[in-house]
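Chemist:
Residue numbers (my numbering): 3 to 169.
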């Protein structure tokens, strides 16, 4: 598969995951707003709104992570870019490599606790949502960000508009 095809595929997938993140953020804002309004006007808050907000926040954050890595939108200090502009491409590749190593480390070390949560059947306090639904989006997002970092390492930075393969 050519580098251009890899970039186009990753751009499409990150658009999908970004959309999931936006929907989760909208859900979190909606349930929080509804809770505030119901509490204010009817004195009947939504049970478990904190758990729903936590779940939506986790989904929003971790589903947005692959897009951040694909677009090179991580927080950076670009002092070297000004002093040695020719080093920029090599530094971006090195950052993608180090990101892949760290994300792989995180994904690997999350497997044990994730299996424990499934085996123990832990649930949230109010709504009894299985705890796996809180941790699984984090693991999936980290693994997707890992694959994205590897794609950036091998194929170069992904088009920030997500339109590279839309021709």
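Heads up, the beta-carbon is just placed ideally off N, CA and C, and yes, glycines get one too.
Being a predicted model, the structure only gives us computed values, none of them experimental.
Should residue 155 and residue 72 be called a contact, given that it needs their Cβ atoms to be closer than 8 Å?
Modeler: The residue you call residue 155 lines up with position 153 of the chain shown. The residue you call residue 72 lines up with position 70 of the chain shown. Not a contact, by the Cβ cut-off of 8 Å.
Chemist: Drop a sphere of 10 angstroms on the beta-carbon of residue 5, count the other beta-carbons inside from all chains shown, and report buried for 16 or more, exposed for fewer.
Modeler: For this step, residue 5 is matched to residue 3 along the chain shown. Exposed: under 16 other Cβ atoms inside 10 Å.
Chemist: Along the chain, where does the alpha helix (DSSP H) containing residue 119 start, and where does it finish?
Modeler: Looking up residue 119 in the chain shown gives position 117. Taken as a continuous stretch (DSSP letters only), the alpha helix (DSSP H) holding residue 119 covers 90 to 122.
Chemist: Relative to the alpha-carbon of residue 35, which residue among 116, 123, 54 and 132 has its alpha-carbon at the smallest distance?
Modeler: The residue labelled residue 35 in the question sits at position 33 within the chain shown. Cα-wise, what sits closest to residue 35 is 54.
Chemist: Measuring alpha carbon to alpha carbon, tell me which of 126, 43, 128 and 113 ends up nearest residue 138.
Modeler: As a working note, residue 138 is residue 136 in the chain shown. The residue with the shortest Cα to Cα distance from residue 138 is 113.
Chemist: Below 8 Å, how does it come out for the segment 51 to 65 and the segment 20 to 39: are there three or more Cβ pairs, yes or no?
Modeler: yes
Chemist: In terms of alpha-carbon separation, which member of 100, 129, 133 and 127 lies closest to residue 115?
Modeler: Counting from one through the chain shown, the residue named residue 115 turns up at place 113. That would be 133, whose Cα lies nearest to the Cα of residue 115.
Chemist: Looking at the structure shown, is residue 47 part of a helix, part of a strand, or coil, going by DSSP?
Modeler: Along the chain shown, read from residue 1 onward, the residue named residue 47 stands at position 45. In the structure shown, residue 47 sits in coil (DSSP, three-state: anything other than H, G, I, E or B).
Chemist: Tell me the rounded alpha-carbon separation between residue 111 and residue 13.
Modeler: In the chain shown, the residue the question calls residue 111 occupies position 109. In the chain shown, the residue the question calls residue 13 occupies position 11. Taking the straight line from one Cα to the other gives about 27 Å.
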